[in-house]
Amino acid sequence: MKQDVILVLDCGATNVRAMAVDRQGNIIARAATANASDIAAEKSDWHQWSLEAIMQRFADCCRQIHDQLASCTVRALPSRPLASMARW
């Protein structure tokens, strides 16, 4: 029988991560990549992140853990974020 996991995506200011977690909270697989920001044109001490680049980084991390999840069934991608993502 395949092990049930949920897929957790975490976007921080410096890193983007994808993790698969089992019912007991154990991390089954994980991958991370740097999350680079750009200097905002409006103000040089502001940083901004490209949503498209973040989504690509999430996809890259998911690809990295894909093979580790061959014996698992991804049951959910939690839909309740800890914070909202703003897009302008």
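Residue numbers (full-length UniProt numbering): 1 to 88.
Virtual Cβ for every residue (Gly too), placed ideally from N, Cα, C.
Problem set entry | Rounded C-alpha distance that separates residue 12 from residue 22 | 22 Å
For this session: Could you tell me which residues DSSP puts in a beta bridge with residue 17?
Result: Within the DSSP secondary-structure output, residue 17 pairs in a beta bridge with 10 and 32.
Problem set entry | Beta-bridge pairing of residue 45 - partner residues as DSSP gives them | In the DSSP output, where bridge partners are listed per residue, residue 45 has none listed.
For this session: Decide if the region 58-72 is in contact with the region 13-20; the criterion is three or more beta carbon pairs, one per stretch, under 8 Å apart.
Result: yes
Exercise. DSSP on residue 63, reduced to helix/strand/coil?
Worked result: helix
For this session: Examine the Cβ distances between the region 50-66 and the region 20-39 and report whether three or more of them are shorter than 8 Å.
Result: yes
Problem set entry | Residue from 45, 46, 74 and 58 whose Cα sits closest to the Cα of residue 16 | Nearest option by C-alpha distance: 58.
For this session: Below 8 Å on the Cβ atoms is my guess for residue 46 versus residue 40; work out the distance and round it to an integer in Å.
Result: 4 Å
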